[in-house]
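If you use the UniProt record's numbering, the sequence shown corresponds to residues 1 to 162, in order. Ideal placement from N, C-alpha and C gives every residue a C-beta, glycine not left out. Model, not experiment: these values are computed from the prediction. First comes the structure, then the notes that go with it.
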Amino acid sequence: EHISLPLAKLGKLLGFKIAEMVTEANISQLVAGFDLIVDAMDNLPTRYLLNKVALEKNIPLFHGAVYGFEGRAMTIIPGETACLRCVYRGVIPGEKFPVIGVTPAVIGCIQATEVIKYIAGIGQLLTNRLLAYDGLNMKFTEFRLKKDQNCEHCGQLARGKK
């Protein structure tokens, strides 16, 4: 019944707050009261903000990233698993990137599956694993991850800042 409404009006009607931009100043307020975070951001700096606040507030983070026909997904459980900074350490944030319509659908379905498994407490989550999708060659590759003890978000460096 609300299909034709613009997103901002629909959000207001349903009680959702739609932020124009996620910033260091508003990130804590945006995630307050939520039990999990689904990352569908389009840039690395904002992903790092989500990662940091998820770790600080002990909120699971379901990461998804896409670029062209490629995508990645992983699940981060604060205090237990590698975080985004562990995985993307040293990666220089680039510009916003092109997306091919079907790629976000594939990665979004993986994220939704992860969220359902987490809520239901079933199956094996993508923890300490990064699932990479190659849509051009229709291949999935799994990379094993380790928590970086020197990570500035979740390792000893982060614990020293608290």
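Extent of the continuous beta strand (DSSP E) run through residue i
i, result
"residue 130", "129-134"
"residue 66", "61-67"
Residue i vs residue j beta-carbon contact at 8 Å
i, j, result
"residue 126", "residue 73", "yes"
"residue 68", "residue 104", "no"
"residue 81", "residue 128", "yes"
Where residue i falls: helix, strand or coil (DSSP)
i, result
"residue 112", "helix"
"residue 38", "strand"
"residue 44", "helix"
"residue 102", "helix"
"residue 117", "helix"
"residue 139", "strand"
"residue 72", "strand"
"residue 163", "The structure shown has nothing for residue 163, since the chain only spans 1 to 162."
Residue-level contact to chain D via CB, residue i, 8 Å cutoff
i, result
"residue 106", "Judged by its chain identifiers, the structure shown contains no chain D, having just a single protein chain."
Presumed contact (8 Å Cβ cut-off) between residue i and residue j, rounded CB distance
i, j, result
"residue 196", "residue 87", "This structure cannot speak to residue 196, because the chain is shown only from 1 to 162."
"residue 37", "residue 59", "6 Å"
"residue 151", "residue 83", "6 Å"
Given residue i as reference, the closest of the options once Cα atoms are compared
i, options, result
"residue 55", "44, 31 and 134", "31"
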